[in-house]
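Residue numbers (our numbering): 1358 to 1692.
Quick reminder that beta carbons are idealized off the backbone N, C-alpha and C, glycines included.
A quick note: this is a predicted structure, and the numbers were derived from the prediction, not measured.
Okay, here's the thing in structure tokens:
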């Protein structure tokens, strides 16, 4: 976890002998501060402790999604919130230290603990210390177990020794990432047919970061830039067209992004090309729009104001709808 942008400061106290100072507590298994006495100091506001016996991905994303509902007060610091992730918490002693610290700070504790005994210890510890808590994983696991009629394993998903299917999933993701990197920005168009998903759009519509995000989920992604007065690769129109997803964006936003990019590369106003000029941006988007109209199978996704996760969610829903030959009702082709 990157603390440079967080309201948290991690203070290592090498001289303290007081066990209540969380002598073995570490916010991350790779924090490099095991064995030190660690204190969490907040810079004001309410605190939320996120605890996981795995990577913490699930609990962190759940909290981020929930906090998204409070942007109206978070942005103006009317209700500041400090979040702190503790991953790899697989023993009760460390868990109790975190709960004790949460009680001191008046923090809320949210957890995803696959081991039922540790999850029960979390419930009891929070009740004992008077800590507001929420078990994210438990109720879902119980509901799925009831539906399937099978007891859960109680082992974190990424724990060593899990079955080989997870190992296969890992290598599938690695293969997808390697493929996606090689196929970035229109490279190797002869391999487009090997991709699961192909993204097409003008420069700076977020094709590369979106491709990498999808690749991390195990999808082989290729992206093809649509450049005015440059012929697109023929293979883009010859592959399975249901693989192709078109990206568009508001011209004002696109111009802002391009100007920021040019500035980051050290280009001054006098040497910038028409790449950043509004007239050029509009014409380029219009040219791309004509290509989209000529290929009606391609869904057109407007990425304006969307996070990568939002755009990816739309693409994956459409991708699986098409793959499974089903679809949800929709008003138009523009997303």
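Ignore the nearest five residues each way along the sequence and tell me which others in residue 1607's own chain have a CB closer than 7 Å to its CB.
Walking along the chain shown from the start, residue 1607 turns up at place 250. Contacts found: 1661.
Given this structure, state the Cα-to-Cα distance separating residue 1469 from residue 1444, to the nearest angstrom.
Mapped onto the chain shown, residue 1469 falls at position 112. Mapped onto the chain shown, residue 1444 falls at position 87. Cα to Cα, the separation comes out at about 10 Å.
Beta-carbon gap between residue 1581 and residue 1641 smaller than 8 Å:
For the purposes of this step, residue 1581 is taken as residue 224 along the chain shown, with counting starting at 1. For the purposes of this step, residue 1641 is taken as residue 284 along the chain shown, with counting starting at 1. Judged by their CB atoms, residue 1581 and residue 1641 are not nearer to each other than the 8 Å cut-off.
Enumerated in chain order, which unbroken segments of the alpha helix (DSSP H) with a length of 4 residues or greater are wholly contained in the stretch 1400–1451?
With a minimum length of 4 residues, the continuous alpha helix (DSSP H) runs that stay inside the stretch 1400–1451 are 1414–1424 and 1428–1431.
Report buried or exposed for residue 1577, applying the criterion of at least 16 other Cβ atoms within 10 angstroms of its Cβ.
As a working mapping, residue 1577 is identified with position 220 in the chain shown. With 16 or more Cβ atoms within 10 Å of its Cβ, residue 1577 is classed as buried.
Can you check the stretch 1450–1510 for any alpha helix (DSSP H) of at least 4 residues that lies completely inside it and give the ranges in chain order?
For the stretch 1450–1510, whole alpha helix (DSSP H) runs of length 4 or above, ordered along the chain, are 1473–1486 and 1494–1505.
Based on DSSP bridge pairs, tell me the residues matched to residue 1659.
Taking the first residue of the chain shown as position 1, residue 1659 is located at position 302. Residue 1659 pairs with 1605.
Take the Cβ of residue 1555 as the centre, count every other Cβ of all protein chains shown within 10 Å, and call the residue buried at 16 or more, exposed below.
Position 198 of the chain shown, counted from the start, is the residue given in the question as residue 1555. Residue 1555 should be labelled buried.
Give the single residue among 1656, 1663 and 1666 whose Cα lies nearest to the Cα of residue 1676.
Indexing the chain shown from 1 puts residue 1676 at position 319. Nearest C-alpha to residue 1676: 1656.
Coil, strand or helix - residue 1744 by DSSP
Absent from the model: residue 1744. The displayed extent of the chain is 1358 to 1692, so no value can be given.
Taking the alpha-carbon of residue 1594 as reference, which of 1422, 1550, 1565 and 1586 has the nearest alpha-carbon?
The count along the chain shown starts at 1 and reaches residue 1594 at position 237. Comparing Cα-Cα distances from residue 1594 to each of 1422, 1550, 1565 and 1586, the minimum goes to 1550.
So which of 1587, 1572 and 1505 has the shortest CA-CA distance to residue 1644?
Indexing the chain shown from 1 puts residue 1644 at position 287. Of the candidates 1587, 1572 and 1505, the one whose C-alpha sits nearest the C-alpha of residue 1644 is 1587.
Give the DSSP bridge partners of residue 1556, in chain order.
One-based indexing of the chain shown puts residue 1556 at position 199. Residue 1556 is bridged to 1580 and 1602.
Output the boundary residues of the alpha helix (DSSP H) element that contains residue 1594.
Here residue 1594 is taken as the residue at index 237 of the chain shown, counted from 1. Residue 1594 -> alpha helix (DSSP H) spans 1592–1595.
Label residue 1406 either buried or exposed according to how many other C-beta atoms from any shown protein chain fall within 10 Å of its C-beta, with 16 as the threshold for buried.
In the chain shown, counting from the first residue as 1, residue 1406 sits at position 49. Label assigned to residue 1406: buried.
Identity of the residue in 1495, 1571 and 1403 nearest residue 1671 by Cα
Your numbering for residue 1671 matches position 314 in the chain shown. Residue 1671 has its Cα closest to that of 1571, out of 1495, 1571 and 1403.
Assuming residue 1473 and residue 1511 make a contact with CB atoms under 8 Å, what is their CB distance in whole Å?
Stepping through the chain shown from its first residue, residue 1473 is reached at position 116. Stepping through the chain shown from its first residue, residue 1511 is reached at position 154. About 5 Å separates the CB atoms of residue 1473 and residue 1511; that is less than 8 Å, so the two are in contact.
Nearest to residue 1579 by CA position, among 1590, 1439, 1537 and 1446, is which residue?
Start at 1 with the first residue of the chain shown, and residue 1579 comes out as number 222. Among 1590, 1439, 1537 and 1446, the Cα nearest to that of residue 1579 is on 1537.
CA-CA distance, residue 1674 and residue 1602?
For the purposes of this step, residue 1674 is taken as residue 317 along the chain shown, with counting starting at 1. For the purposes of this step, residue 1602 is taken as residue 245 along the chain shown, with counting starting at 1. Rounded to the nearest angstrom, the gap between the Cα atoms of residue 1674 and residue 1602 is 12 Å.
If you check the beta carbons only, do residue 1563 and residue 1658 fall under 8 Å apart?
Start at 1 with the first residue of the chain shown, and residue 1563 comes out as number 206. Start at 1 with the first residue of the chain shown, and residue 1658 comes out as number 301. One thing to note: residue 1563 has its Cβ no nearer than 8 Å to the Cβ of residue 1658.
Helix, strand or coil: which one does DSSP assign to residue 1562?
Walking along the chain shown from the start, residue 1562 turns up at place 205. Three-state result, residue 1562: coil.
Using a 10 Å radius around the Cβ and a threshold of 16 neighbouring Cβ atoms, would you call residue 1494 buried or exposed?
The sequence position of residue 1494 within the chain shown is 137, counting from 1. The residue in question, residue 1494, is buried, as its Cβ has 16 or more Cβ neighbours within 10 Å.
Where residue 1664 falls: helix, strand or coil (DSSP)
Residue 1664 sits at position 307 when you count from the first residue of the chain shown. Three-state DSSP puts residue 1664 in coil, outside helix and strand.
Let me confirm a value: residue 1680 is counted as buried when at least 16 other C-beta atoms fall within 10 Å, else exposed. Which label applies?
For the purposes of this step, residue 1680 is identified with residue 323 of the chain shown, where counting begins at 1. Residue 1680 is exposed by the Cβ-count criterion.
Three-state class that DSSP yields for residue 1680 in the structure shown:
Along the chain shown, one-based indexing puts residue 1680 at 323. Residue 1680 falls in the helix class under three-state DSSP.
Note down the Cα distance separating residue 1358 from residue 1648, rounded to an integer number of angstroms.
Looking up residue 1358 in the chain shown gives position 1. Looking up residue 1648 in the chain shown gives position 291. Confidence at residue 1358 is low in this model, with a pLDDT of 35, below 50, so its placement is unreliable and the value that follows should be read with caution. Going by the C-alpha atoms only, they are around 42 Å apart.
Under 8 Å by Cβ, that's how I've got residue 1533 and residue 1575 pegged, so tell me the actual separation to the nearest angstrom.
Start at 1 with the first residue of the chain shown, and residue 1533 comes out as number 176. Start at 1 with the first residue of the chain shown, and residue 1575 comes out as number 218. About 5 Å separates the two Cβ atoms, so the contact holds.
Inter-residue Cα distance where the pair is residue 1476 and residue 1509
Here residue 1476 refers to the residue found at position 119 when the chain shown is read from its first residue. Here residue 1509 refers to the residue found at position 152 when the chain shown is read from its first residue. Rounded to whole angstroms, residue 1476 to residue 1509 spans 13 Å at the Cα level.
Span separating the alpha-carbon of residue 1663 from that of residue 1613
In the chain shown, counting from the first residue as 1, residue 1663 sits at position 306. In the chain shown, counting from the first residue as 1, residue 1613 sits at position 256. C-alpha separation (whole angstroms): 15 Å.
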